[in-house]
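Chemist:
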Amino acid sequence: MPGTSESNRTWYLIPNAPLNLSTPVIGAKPYDLCKWYVEEIDLRAEDYKRKFPKITYPECDLEQLNDYNYVLEMFKDLGLKPSSELQEICGRSLNKRDEWPKLSLDERSNEILMSEARKEFRKEVQQWIQ
80 MPGTSESNRT
90 WYLIPNAPLN
100 LSTPVIGAKP
110 YDLCKWYVEE
120 IDLRAEDYKR
130 KFPKITYPEC
140 DLEQLNDYNY
150 VLEMFKDLGL
160 KPSSELQEIC
170 GRSLNKRDEW
180 PKLSLDERSN
190 EILMSEARKE
200 FRKEVQQWIQ
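Residues in the sequence shown are numbered consecutively from 80, following my numbering.
#1: Whole angstroms are fine: how far does the CA of G106 sit from the CA of Y149?
#2: Going by alpha carbons, who is nearest to K133 out of Y116, C113, I93 and L157?
#3: What do you get for Y136, buried or exposed, if any count of 16 or more other CB atoms within 10 angstroms of its CB means buried?
#4: Taking 8 angstroms as the cut-off, decide whether the C-beta atoms of P94 and T102 are in contact.
#5: Out of curiosity, what's the CA-to-CA distance linking P161 and G170?
#6: Less than 8 angstroms between C-beta atoms, sequence neighbours within five positions excluded: which residues of the same chain meet that for Y147?
#7: Quick check: L100 and E119, are their CB atoms within less than 8 angstroms of each other?
#8: Roughly how many angstroms lie between the CA atoms of W115 and K128, to the nearest whole one?
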């Protein structure tokens, strides 16, 4: 959850950052913080588009970025010439992390939701997505 432990304080957004375009509700639960994070990203994207209207903003999902032919079309739309290595790297994980930062027991316990809370969280996320 954003800003709740040392390991996730390295996220780009934290709830009390002065440059945020929105703030989560006071006493936000983990679900509320995750929802706020997504909404803040969307607000920033729209703000950026408003500030720089002449830039082309392709819309795609991660599956499409793994599809070489889709990526070729996107390069063409953006006026870019793909390198010879594009096909070789398209669809491959290049930034795997072998080791995550070590956390203390207190930090880990802050990040672990009890099974009932986890079920409720999944239910809320599914409802929110729909």
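Glycine residues also receive a C-beta, built at the ideal position from the N, C-alpha and C atoms.
This one's a predicted model, so the numbers in the text were calculated from it and none came from an experiment.
Modeler: This is what the structure gives:
#1: Translated into the one-based positions of the sequence shown, residue 149 becomes position 70. Translated into the one-based positions of the sequence shown, residue 106 becomes position 27. For Y149 and G106, the distance between alpha carbons rounds to 43 angstroms.
#2: Against the sequence shown, residue 133 aligns to sequence position 54. That would be L157, whose Cα lies nearest to the Cα of K133.
#3: For the purposes of this step, residue 136 is taken as the residue at position 57 of the sequence shown. By the 10 Å Cβ count, Y136 comes out exposed.
#4: Position 15 of the sequence shown, counting from 1, holds the residue named residue 94. Position 23 of the sequence shown, counting from 1, holds the residue named residue 102. The beta carbons of P94 and T102 sit closer together than 8 angstroms.
#5: For this step, residue 161 is matched to residue 82 along the sequence shown. For this step, residue 170 is matched to residue 91 along the sequence shown. So the alpha carbons of these two residues sit roughly 15 angstroms apart.
#6: For this step, residue 147 is matched to residue 68 along the sequence shown. Around Y147: L165, Q166, C169 and G170.
#7: Stepping through the sequence shown from its first residue, residue 100 is reached at position 21. Stepping through the sequence shown from its first residue, residue 119 is reached at position 40. Inclusion of L100 and E119 in the CB contact set at 8 angstroms is warranted, their separation being smaller than that value.
#8: In the sequence shown, residue 115 corresponds to position 36, counting from 1. In the sequence shown, residue 128 corresponds to position 49, counting from 1. Taking the straight line joining both Cα atoms gives about 20 angstroms.
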